[in-house]
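Remarks on the structure that follows.
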Amino acid sequence: KHGEQIAERRIALFGDERADHAAALKSNGENGPSADWTGRFISAYASTHRWEDWAETWAHYLHMVDTVDTAMSFGLDGYDVEIDHEPFDAQALWQPNDPDAEEFLDFVNHWIQLTGVLNELSRSMGLPDFYPFVVSDTVVRKLHFVHGRVRPFERAPV
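Next comes the structure, spelled out in structure tokens:
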């Protein structure tokens, strides 16, 4: 029953995987992404099909984890900077009552602060943003879902 509930929530978040993948890719190639994709997806490509949304969200999550870990290993901490940003709260989460909700929110908000600094550094060099993505509440919800799939494996004994 729990697995069925998770599958239903995954479909609610990412869409129905039964949609024709080839047709979705063709349509995107011909028409481009929908005008409102930035509010619902991490990338324009993620908006093409549920499988691409799932893959892009996973890849983004892994990039976030690795980049934060690397930054922290060099002493770069997003919380030590002052970037104007409205932090995400539990309302943006897939499961607001998740026991790891605060930890995940800290991670996401740290990410936003860190990428804000990296973008400012890039701009000061006349370069494009290091992190050109827009993270919406919907994207945070999807990232939290992915995080929930990873957490049990992080706790498993090796």
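Throughout the sequence shown, residue numbering follows our numbering, covering -14 to 143 in sequence. Even glycine gets a Cβ: it sits at the ideal position worked out from N, Cα and C.
Using the C-alpha atoms, what's the distance from residue j back to residue i?
| i | j | result |
| --- | --- | --- |
| V119 | L78 | 16 angstroms |
| S19 | H6 | 16 angstroms |
| E67 | R25 | 27 angstroms |
| R134 | D1 | 19 angstroms |
| V124 | I27 | 6 angstroms |
| K11 | A40 | 18 angstroms |
| M110 | F(-1) | 37 angstroms |
| R(-5) | A86 | 18 angstroms |
Following the continuous alpha helix (DSSP H) through residue i, name the residue where it begins and the one where it ends.
| i | result |
| --- | --- |
| H45 | R35 to S58 |
| K(-14) | K(-14) -> no alpha helix (DSSP H), and no H or E assigned at all. |
| S12 | H6 to N16 |
So, residue i versus residue j, is the Cβ gap smaller than 8 angstroms?
| i | j | result |
| --- | --- | --- |
| T42 | K127 | yes |
| F73 | V93 | yes |
| H34 | A75 | no |
| G60 | Q98 | no |
| S121 | T23 | yes |
What whole-angstrom Cβ distance do residue i and residue j have, given they're in contact under 8 angstroms?
| i | j | result |
| --- | --- | --- |
| W96 | M49 | 5 angstroms |
| F89 | H45 | With a Cβ gap of about 14 angstroms, F89 and H45 do not count as contacting. |
| A31 | D38 | 4 angstroms |
| G101 | H132 | Not a contact, Cβ separation roughly 21 angstroms. |
In chain order, which alpha helix (DSSP H) runs of at least 4 residues are fully inside the segment 76 to 123? Fully enclosed alpha helix (DSSP H) runs of no fewer than 4 residues occupy 86 to 109 of the segment 76 to 123, in order along the chain.
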